[in-house]
Amino acid sequence: MQGPLIDTLARQGVSRRTFLKYCATLASMMALPPAAGLAMAEAMAAARRPSVIWLPFQECTGCTESITRSHSPTLEGMIFDMISLDYQETLMAAAGHQAEEALHAAMKANHGKYLLIVDGSIPLGQDGAYSCIGGRSNLEILKEAAQGAAAIIAVGTCAAYGGIPKARPNPTGAVSVSDIVKDKPIVNIPGCPPVPVVMTGVLAHYLTFGSLPDLDDKGRPRAFFGETIHDRCYRRPFYDQGKFAKTFDDKGARRGWCLFELGCKGPVTHNACATAKWNGGTSWPVESGHGCLGCSEPDFWDAGDFYKALSMPAHPPTSVVAAPVAGATAGAAAGFANRAKKNAARKARQPITVADLEK
Amino acid sequence: MNELQFLTWVRGPGLDIAVGIFLLGTVWRLFEIYTLGRGKDLAAPRRAAGASGLHTVFRRSLPPPGMLKRSPVSYIGGYIFHIGLAVIVFLGAPHIMLIANLTGLSWPGLPAQIIGLATVMTMAAMLAMLVDRINKPAKRFLSTFEDWFTWAVTFLPVLTGWMAVQHLLLPYTTMLALHILSVEILLIVLPFTKLFHVFTLFGSRWYNGSANARKGVPV
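The listed protein sequences correspond, in order, to chains A and B.
Residue 271 in the working numbering is what sits at position 271 of the first sequence, and the numbering runs on without skipping anything.
Offset between the second sequence (1-based) and the working numbering: plus 1000.
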């Protein structure tokens, strides 16, 4: 697949009209002005496959599955095909030394220009021995690849924030990409896995404007992570009315009431699931009847029970037995002290009679 | 510490510390107060106490004749904010969830809009009472640090809870964490300040009522 993107798309039977519609949708999802859709279409149509190097570290391949499979064979998938994916262990045909050669060749040929995509966290424990590729630690590979990258996209919560490998007690000493690379622009696209359209949205933005989209304080594109799941949830009116499902199979659950009481983390989770949805817009976790786990937030794994409402204690309070006992003991001790004081005062009292006063 | 970690801390260890101090302080003070006992009544009672204790519990919630006119803000504002606090704490859905989780007891809540209205009215009443306390020389003169402090620790949970729900100033996660933290401060402070009237109010009214009756002033 060589030449401009529009030619490749045309070969695959995608009309100009369909492509324009797609760009307009993408632009509106990213809250860009209407003209941006056209600009995006023009820029992307003419784009000559930027080199992309995808490094998988401590990950489960769920992010790759999400992007390559769940939308296949839609436009997102094709756009993804359009980039020159020079290294991706899971998808590439090459293996072993050939794969390593492809990686180094791409890094050399496009030095300073390639996009580096990382999924998975980077283990620092045991000198990085927990995850090695071709005998080199993830840390070493990342540092080398980051040097020549124009920008880095950390895909998935593991790459963005350490994710599940970083969950307590973090046996491998896992850290995120931004913990290691400080001198390159980094976009975090968290999620476990992330929403595919967010990924292509960021790529489209990069191809169109030559820059990365506006990011929030956690390095996430504002266009997709600017609002919480809760605020965009179609079940939100039930929350406001105080109508909650109490179990996963009660009347409320069947009627599609709010899942807050079943532990939904929607109110504290920033992601695009509620608007972009999954599987080509088919559904998303809350629509299928399960509360949000908060997977696009840092340390979501350690943020208390998935099935406990946000207003509930994260863990059962341990002080409820010991504290009253201690209080009762202290109270009883104070009571005895007060009694002793009273008795002492009574003993020390010297009654005064009328006769005393008349003296 | 990011805001989710902050929230998890206030929902976990923070809550543990606060509930611990609250329970310890409350049980301690109730024990101490009730083990003080009553002084021996050396004089013969002028009347049997009868229902004076119970009557006083209710009568002291009503303004004495003329007082409503002299001090309307204290009475009306006092009613609004006490009832408002009870409505918010006991009928707000997330609060019922907390109580259900801690005690196993649960009951239906009110819609979010009604809780929102109660919250705004409670805050308005509390602000009016604060202004009144500042403006009236006698009230200001009688106010100590504890009065201002307890006002603040009562007001903050209401304000932060409302701001969290309305998405004001800070992201929801941070505001929710601040809300829970402010409640934890209230829990810690409650047993050791005048806020302890939550527990002692009715007992002391009963005590005074029956003591007054024995002295010949039945109510």
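The beta carbon of each residue, even a glycine, is placed where N, CA and C say it ideally should be.
For this session: Name the one or two DSSP bridge partners that W278(A) has.
Result: Taking the first sequence and counting its residues from 1, the one referred to as residue 278(A) is at position 278. Paired residues: S283(A).
For this session: Using the Cα positions of V1087(B) and A1118(B), report the straight-line distance between them to the nearest angstrom.
Result: Here the question's residue 1087(B) lines up with position 87 in the second sequence. Here the question's residue 1118(B) lines up with position 118 in the second sequence. Taking the straight line joining both Cα atoms gives about 7 Å.
Exercise. By the 10 Å Cβ neighbour count, where 16 or more other Cβ atoms means buried, how is E358(A) classified, buried or exposed?
Worked result: To locate residue 358(A), count along the first sequence from 1; it is residue 358. So E358(A) counts as exposed.
Problem set entry | Under 9 Å by beta carbon: chain B residues contacting M312(A) | For the purposes of this step, residue 312(A) is identified with residue 312 of the first sequence, where counting begins at 1. Correct list: R1011, P1094, M1097, L1098, A1100, N1101, L1102.
For this session: Would you check if there are 3 or more beta carbon pairs closer than 8 Å linking the stretch 174-194 of chain A to the stretch 293-311 of chain A?
Result: yes
Exercise. Taking contact to mean at least 3 C-beta pairs separated by less than 8 Å, is the stretch 1015-1026 of chain B in contact with the stretch 1178-1196 of chain B?
Worked result: Yes, since at least three Cβ pairs between the stretch 1015-1026 of chain B and the stretch 1178-1196 of chain B fall closer than 8 Å, the two stretches touch.
Exercise. Near E1146(B), which residues of its chain fall below 8 Å by C-beta distance, leaving aside the five closest residues on each side in sequence?
Worked result: Residue mapping note: residue 1146(B) aligns to position 146 of the second sequence, counting from 1. Result list for E1146(B): T1193, K1194, in chain order.
Problem set entry | CB of S1061(B) within 8 Å of CB of A1213(B), strictly | Mapped onto the second sequence, residue 1061(B) falls at position 61. Mapped onto the second sequence, residue 1213(B) falls at position 213. Their beta carbons are not under 8 Å apart, which means S1061(B) does not touch A1213(B) by this criterion.
For this session: Verify the CB distance criterion: does G266(A) have a CB-CB separation below 8 Å to chain B?
Result: For the purposes of this step, residue 266(A) is identified with residue 266 of the first sequence, where counting begins at 1. It does not: the Cβ of G266(A) has no partner Cβ on chain B nearer than 8 Å.
Problem set entry | Short CB-CB distance (under 8 Å) between P1065(B) and chain A | Position 65 of the second sequence holds residue 1065(B). Not closer than 8 Å to any Cβ of chain A, the Cβ of P1065(B) fails to qualify, so no.
Exercise. Quick one: is R235(A) buried, meaning 16 or more other Cβ sit within 10 Å of its Cβ, or exposed?
Worked result: Residue mapping note: residue 235(A) aligns to position 235 of the first sequence, counting from 1. Buried: at least 16 other Cβ atoms inside 10 Å.
Exercise. Beta-carbon of Y307(A) versus every beta-carbon of chain B: anything under 8 Å?
Worked result: In the first sequence, the residue the question calls residue 307(A) occupies position 307. False, the Cβ-Cβ gap to chain B never drops below 8 Å.
Exercise. With contact counted as at least three CB pairs below 8 Å, one residue from each stretch, are the stretch 258-276 of chain A and the stretch 238-245 of chain A in contact?
Worked result: yes
Exercise. Which residue comes first and which comes last in the beta strand (DSSP E) that contains W54(A)?
Worked result: To locate residue 54(A), count along the first sequence from 1; it is residue 54. Residues 51-56.
Problem set entry | Minimum Cβ-Cβ distance from D214(A) to chain B less than 8 Å | Position 214 of the first sequence holds residue 214(A). No, D214(A) does not count as interfacial toward chain B.
Exercise. Under 8 Å, do S311(A) and H1095(B) count as touching if we go by C-beta distance?
Worked result: On the first sequence, position 311 is the one that residue 311(A) refers to. On the second sequence, position 95 is the one that residue 1095(B) refers to. In contact: S311(A) and H1095(B) (Cβ atoms closer than 8 Å).
Problem set entry | One or two residues paired with T228(A) in a DSSP bridge | The count along the first sequence starts at 1 and reaches residue 228(A) at position 228. Answer is H270(A), bridged to T228(A).
Exercise. Taking L1030(B) as the reference, which of V325(A), K341(A), N343(A) has the closest Cα?
Worked result: Numbered from its first residue, the second sequence carries residue 1030(B) at position 30. Nearest C-alpha to L1030(B): V325(A).
Problem set entry | Residue range of the unbroken beta strand (DSSP E) whose run includes A154(A) | Start at 1 with the first residue of the first sequence, and residue 154(A) comes out as number 154. That run of the beta strand (DSSP E) goes 149-155.
Exercise. Does V320(A) have its Cβ less than 8 Å from a Cβ in chain B?
Worked result: Here residue 320(A) refers to the residue found at position 320 of the first sequence. Cβ-Cβ to chain B under 8 Å: yes for V320(A).
Problem set entry | Neighbouring residues, chain B, relative to F209(A) (Cβ below 7 Å) | One-based indexing of the first sequence puts residue 209(A) at position 209. In chain order: nothing, as chain B lies at least about 27 Å away.
For this session: State the DSSP-derived secondary structure class of P169(A), mapped to helix, strand or coil.
Result: As a working mapping, residue 169(A) is identified with position 169 in the first sequence. Coil, per DSSP.
Problem set entry | Strand pairing of N188(A), partner residues [DSSP] | Taking the first residue of the first sequence as position 1, residue 188(A) is located at position 188. Its beta-bridge partners are A154(A).
Exercise. Any idea if T1103(B) is buried or exposed, counting beta-carbon neighbours within 10 angstroms, 16 or more meaning buried?
Worked result: Locating residue 1103(B) in the second sequence gives position 103, where the first residue counts as 1. Exposed, since its Cβ has fewer than 16 Cβ neighbours within 10 Å.
Problem set entry | Sequence-distant residues of its chain with Cβ nearer than 6 Å to P351(A) (five each side left out) | Residue 351(A) sits at position 351 when you count from the first residue of the first sequence. Taken in chain order, the list of residues that qualify is empty.
Exercise. How big is the Cα-Cα spacing for S131(A) and Q58(A)?
Worked result: What you label residue 131(A) is simply residue 131 of the first sequence in a count that begins at 1. What you label residue 58(A) is simply residue 58 of the first sequence in a count that begins at 1. Rounded to whole angstroms, S131(A) to Q58(A) spans 6 Å at the Cα level.
Exercise. Which value, in whole angstroms, describes the spacing of the CA atoms of A43(A) and M30(A)?
Worked result: Here residue 43(A) refers to the residue found at position 43 of the first sequence. Here residue 30(A) refers to the residue found at position 30 of the first sequence. Taking the straight line from one Cα to the other gives about 16 Å.
For this session: Give the straight-line distance between the Cα atoms of G335(A) and W1028(B), rounded to the nearest whole angstrom.
Result: Residue numbering aside, residue 335(A) sits at position 335 when the first sequence is read from its first letter. Residue numbering aside, residue 1028(B) sits at position 28 when the second sequence is read from its first letter. Their backbone Cα atoms lie some 9 Å apart in a straight line.
For this session: Quick one: give me the first and last residue of the beta strand (DSSP E) that D86(A) is part of.
Result: Taking the first sequence and counting its residues from 1, one reaches residue 86(A) at position 86. Residues 84-87.
Exercise. Cα separation between V1046(B) and V1073(B)?
Worked result: Within the second sequence, numbered from 1, the residue matching residue 1046(B) stands at position 46. Within the second sequence, numbered from 1, the residue matching residue 1073(B) stands at position 73. Contrary to the premise, residue 1046(B) reads as Arg rather than Val in this sequence. Straight-line Cα distance between these residues: approximately 38 Å.
Problem set entry | Alpha carbon of A46(A) to alpha carbon of V1165(B), nearest angstrom | Indexing the first sequence from 1 puts residue 46(A) at position 46. Indexing the second sequence from 1 puts residue 1165(B) at position 165. Straight-line spacing of the CA atoms in A46(A) and V1165(B) works out to 46 Å.
Exercise. Taking Cβ-Cβ distances shorter than 9 Å, what residues in chain B pair up with G239(A)?
Worked result: Mapped onto the first sequence, residue 239(A) falls at position 239. The residue asked about is misnamed: residue 239(A) is Tyr in this sequence, not Gly. Within 9 Å Cβ-Cβ: A1093, A1112.
For this session: Name the two residues that bound the continuous beta strand (DSSP E) containing V118(A).
Result: As a first step, residue 118(A) is located in the first sequence; it is residue number 118 there, counting from the start. Its beta strand (DSSP E) spans residues 114-119.
Exercise. Should the stretch 142-156 of chain A be called in touch with the stretch 108-128 of chain A, which here means at least 3 C-beta pairs below 8 Å?
Worked result: Flag = yes, the stretch 142-156 of chain A and the stretch 108-128 of chain A touch.
Problem set entry | Reduced DSSP secondary structure (H/G/I, E/B, other) of I122(A) | Counting from one through the first sequence, the residue named residue 122(A) turns up at place 122. Strand, per DSSP.
Exercise. Alpha helix (DSSP H) containing P237(A): first to last residue?
Worked result: Here residue 237(A) refers to the residue found at position 237 when the first sequence is read from its first residue. Here the alpha helix (DSSP H) through P237(A) covers 236-241.
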